[in-house]
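Below you'll find the structure, written out as structure tokens, and then a few comments.
In my numbering, the protein residues as written are 592 to 730.
What follows is the structure, encoded as structure tokens:
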């Protein structure tokens with residue numbers, strides 16, 4: 592049964608890790624901070640390593656939640672085109688799951704409070720919070 596679970600690659604081909612859903616999320620609601628970042632591949636600036644990073648793992652997680660029937664509030668400073676396309680695809684109030692974007696600077700407590708208020712207003716009870724926003728600076 593484990594082999595049949597859907598998964599997404601979250602690292603470069605030379606180090607293929609997979610994220611698997613370990614609990615049912617259908618009919619639940621989530622906030623994913625940093626989900627608007629996109630899914631662009633970026634090579635490390637360090638010439639001494641072959642490390643490759645997927646920027647936008649939070650977007651991949653938000654998409655996976657939506658594909659498994661979970662409502663998702665995308666909380667980020669902005670939406671890259673890849674994230675906007677997903678929010679547009681799942682934005683209909685007539686269908687579930689739904690995606691909603693809330694501009695949020697996670698360093699501002701008032702914006703964090705507003706993020707939770709919007710999630711509760713849009714979806715009701717909140718089940719999952721993925722605090723994934725951050726700053727990526729190559730070494």
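Each residue gets a CB set at the ideal place from its N, CA and C atoms; glycine is no exception.
Cβ-Cβ separation, residue j to residue i (assumed contact under 8 Å), whole Å
{"i": "residue 627", "j": "residue 669", "result": "6 Å"}
Burial state of residue i (16 or more Cβ within 10 Å)
{"i": "residue 614", "result": "exposed"}
{"i": "residue 676", "result": "exposed"}
{"i": "residue 667", "result": "buried"}
{"i": "residue 620", "result": "buried"}
{"i": "residue 695", "result": "buried"}
{"i": "residue 712", "result": "exposed"}
{"i": "residue 672", "result": "exposed"}
{"i": "residue 654", "result": "buried"}
Residues near residue i in its chain [Cβ-Cβ closer than 6 Å; skip 5 each side]
{"i": "residue 722", "result": "624"}
{"i": "residue 692", "result": "665, 670 and 678"}
{"i": "residue 622", "result": "664, 666, 710 and 720"}
{"i": "residue 702", "result": "695 and 696"}
{"i": "residue 616", "result": "656, 659 and 661"}
Spatial neighbours of residue i in its chain, beta-carbon cut-off 7 Å, leaving aside the 5 residues before and after
{"i": "residue 725", "result": "625"}
{"i": "residue 681", "result": "657, 688, 689 and 690"}
{"i": "residue 718", "result": "619, 620 and 621"}
Spatial neighbours of residue i in its chain, beta-carbon cut-off 8 Å, leaving aside the 5 residues before and after
{"i": "residue 715", "result": "620"}
- Query: Given 8 Å as the limit, is there contact between the stretch 651-663 and the stretch 701-708, that is, 3 or more CB pairs closer than that?
  - Reply: no
- Jot down the residue ranges of each uninterrupted beta strand (DSSP E) in the stretch 671-704, minimum 3 residues, whole runs only, in chain order. 690-694
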